[in-house]
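Right, one structure below, let's go through it.
Residue numbers (our numbering): 2 to 105.
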């Protein structure tokens, strides 16, 4: 399992344009073979954090080279974010428990 943690801050005037693009990227990511899931959060200080899971490095690579995703990455630098960073992590251990097994 590969986990990508993407942290960013939007430019103040980017919200209107960013929302539709982010929604489209979310839908597009789901079409990549080996995509597992993703969730996004916004902290009180405005930092945005998105966690994306892929089954393998190859699946992540396919997402990285997807033409629409590549275009969106260029756009984030040019107009959406005041800063960002990402980390790509290999899961070395995973454990889960839930009272409702469908949530694990």
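Yeah, the Cβ is synthetic: ideal placement off N, Cα and C, and Gly gets one too. Source: prediction; values computed, not measured.
Margin query: Could you check whether residue 55 and residue 35 sit closer than 8 Å to each other, using their CB atoms as the reference points?
Written below: Yes, Cβ-Cβ distance for residue 35 and residue 55 is below 8 Å.
Check: In terms of alpha-carbon separation, which member of 58, 41 and 64 lies closest to residue 32?
Finding: For residue 32, the nearest C-alpha among the options comes from 64.
Check: Start and end of the beta strand (DSSP E) containing residue 9?
Finding: From DSSP, the beta strand (DSSP E) with residue 9 extends over 3 to 11.
Next item on the list: State yes or no: is the C-beta of residue 67 within less than 8 Å of the C-beta of residue 29?
Entry: Taking 8 Å as the Cβ cut-off, residue 67 and residue 29 qualify as a contacting pair.
Check: Apart from the five residues on each side of it in sequence, which residues of its chain come closer than 7 Å, Cβ to Cβ, to residue 79?
Finding: The beta carbon of residue 79 is closer than 7 Å to none in its chain, skipping five residues each way along the sequence.
Margin query: Could you compute how far the alpha carbon of residue 91 sits from the alpha carbon of residue 15?
Written below: Distance between the alpha carbons of residue 91 and residue 15: 32 Å.
Notebook entry, point to check: Out of 17, 53 and 42, which has the shortest C-alpha to C-alpha gap to residue 3?
Noted result: Closest option to residue 3, Cα to Cα, is 53.
Notebook entry, point to check: What residues in its chain sit with their C-beta under 8 Å from that of residue 47, if we drop five residues either side in the sequence?
Noted result: If we look at residue 47 and ignore the five residues flanking it on each side, its Cβ neighbours are 10 and 11.
Check: Should residue 81 be labelled buried (16 or more other beta-carbon atoms within 10 Å of its own) or exposed?
Finding: Burial call: buried.
Item checked: Simplified DSSP assignment, three categories, for residue 17 -> Three-state DSSP puts residue 17 in a helix.
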